[in-house]
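Asker:
Residue numbers (the working numbering): 2 to 262.
1. Find out if the Cβ-Cβ distance for the pair residue 106, residue 74 is shorter than 9 Å.
2. State the start and end residues of the unbroken beta strand (DSSP E) segment that holds residue 75.
3. Please report the distance separating the alpha-carbon of residue 92 from that of residue 235.
4. Where does the unbroken beta strand (DSSP E) through residue 100 begin, and where does it stop?
5. Which same chain residues end up closer than 6 Å to residue 114 when comparing Cβ atoms and leaving out the 5 residues on each side of it in sequence?
6. Can at least three beta-carbon pairs, one atom from the segment 78-91 and one from the segment 124-142, be found at a separation below 8 Å?
7. Consult DSSP for residue 190 and reduce its assignment to one of helix, strand or coil.
8. Restricting to Cα atoms, I'd like to know which of 193, 64, 69 and 227 is closest to residue 52.
9. On the DSSP bridge list, what partners appear for residue 71?
10. Exposed or buried, what is residue 143 when buried is set at 16 or more other beta-carbons lying within 10 Å of its beta-carbon?
11. Mind pulling the alpha helix (DSSP H) runs of 4 or more residues that sit fully within the segment 103-132?
12. Considering only the beta carbon of each residue, do residue 97 and residue 125 sit closer than 9 Å?
13. So the beta strand (DSSP E) residue 48 belongs to, where does it begin and stop?
14. Considering just the uninterrupted stretch of the alpha helix (DSSP H) at residue 221, what are its terminal residues?
15. Could you check whether residue 145 and residue 204 sit closer than 9 Å to each other, using their CB atoms as the reference points?
16. To the nearest angstrom, report how far apart residue 121 and residue 190 are at their CA atoms.
17. Pick helix, strand or coil for residue 91, following the three-state DSSP scheme.
18. Check each candidate in 42, 197, 214 and 217 and name the one with the smallest Cα separation from residue 228.
19. Given residue 4, which residues of its chain have a CB within under 7 Å of its CB, disregarding the five upstream and five downstream residues?
20. Between the C-alpha atoms of residue 127 and residue 237, what's the straight-line distance to the nearest angstrom?
21. Take residue 71 as the anchor and find which of 78, 99, 45 and 81 has the nearest alpha-carbon.
See below:
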């Protein structure tokens, strides 16, 4: 779904699709907007201090809203009220949250709650700018990004979380950071054969339990392979590993392991 907003703001007067940066703090808002204008030249990047400013605009199409929630917990009443207001104004528009909250505190229950308001991504301020931009591209391509896996053991729980999984579909990941496609920009990483198999299952969003069953491994062995993959990619969690793996070449003769353990 697209949403009309004005074609004029910050010196722009055009009909490009827009990215909205919503942040109470002028410095962080303008810094992020400047980065996004450089990274997304085909989009108009519009800055707003409060959500009510959306009522005063009409013209381009909003592709995504980036909302800085600061140090407020994601399910605090003011945050939920703000998200509900945005969701009513822009039904169907994806929202990405920027937060100072430690990603370890972003539980499955929290993610389930905020996705009800159109949130399709969340990036902690401990993440690198590369991860933040990749996550934003992923949302704009129709994917979903959260800083931890929502996949749970058990078919009932996995089915319940299917629409809000942190691990994006492979087709969406392929759209992330298309400019990082030249050999000079990509990492030359030697994955073993088993690591490539495990990474392929991560791309499909499978839980450790399902991966273990599919590859005939123990869950401890799966965890060990995932740990090795993350270390090679310099990823801090499995979601980052999935995204960063798209920048990596698996070097030939990389010590392929064809064993079943």
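Here a beta-carbon is modelled for each residue, glycine too, at the ideal position from N, C-alpha and C.
Answerer: This is what the structure holds:
1. The sequence position of residue 106 within the chain shown is 105, counting from 1. The sequence position of residue 74 within the chain shown is 73, counting from 1. Yes.
2. Position 74 of the chain shown, counted from the first residue, corresponds to residue 75. Run containing residue 75: none; DSSP gives neither H nor E here.
3. The residue labelled residue 92 in the question sits at position 91 within the chain shown. The residue labelled residue 235 in the question sits at position 234 within the chain shown. Approximately 37 Å, taken between the alpha carbons.
4. Translated into positions along the chain shown, residue 100 becomes position 99. Per DSSP, residue 100 belongs to the beta strand (DSSP E) from 96-100.
5. Mapped onto the chain shown, residue 114 falls at position 113. Here the set comprises 76.
6. no
7. By 1-based counting over the chain shown, the position of residue 190 is 189. Looking at residue 190 - three-state DSSP - the assignment turns out to be strand.
8. Taking the first residue of the chain shown as position 1, residue 52 is located at position 51. Residue 52 has its Cα closest to that of 69, out of 193, 64, 69 and 227.
9. As a position in the chain shown, residue 71 is number 70, starting the count at 1. 100, per the DSSP bridge assignment.
10. Locating residue 143 in the chain shown gives position 142, counting from the first residue. The residue in question, residue 143, is exposed, as its Cβ has fewer than 16 Cβ neighbours within 10 Å.
11. 109-116
12. Translated into the one-based positions of the chain shown, residue 97 becomes position 96. Translated into the one-based positions of the chain shown, residue 125 becomes position 124. For residue 97 and residue 125, no; Cβs fall outside 9 Å.
13. Residue 48 sits at position 47 when you count from the first residue of the chain shown. Note, residue 48: beta strand (DSSP E), 45-49.
14. If you number the chain shown from 1, residue 221 lands on position 220. Segment 220-234, the alpha helix (DSSP H) holding residue 221.
15. Counting from 1 along the chain shown, the entry for residue 204 is found at position 203. Counting from 1 along the chain shown, the entry for residue 145 is found at position 144. No, the pair does not count as a contact, with Cβ atoms beyond the cut-off.
16. The residue labelled residue 121 in the question sits at position 120 within the chain shown. The residue labelled residue 190 in the question sits at position 189 within the chain shown. Answer to the nearest angstrom: the Cα atoms are 30 Å apart.
17. As a working mapping, residue 91 is identified with position 90 in the chain shown. Here residue 91 sits in coil by DSSP.
18. If you number the chain shown from 1, residue 228 lands on position 227. Nearest of 42, 197, 214 and 217 to residue 228, Cα basis: 197.
19. In the chain shown, the residue the question calls residue 4 occupies position 3. Since pLDDT at residue 4 reaches only 41, below the 50 mark, its modelled position is unreliable, and the value read off the structure follows with that caveat. Result list for residue 4: 62, 63, 91 and 94, in chain order.
20. Taking the first residue of the chain shown as 1, we reach residue 127 at position 126. Taking the first residue of the chain shown as 1, we reach residue 237 at position 236. Their Cα atoms are separated by approximately 10 Å.
21. In the chain shown, counting from the first residue as 1, residue 71 sits at position 70. Measuring from the Cα of residue 71, the nearest candidate turns out to be 99.
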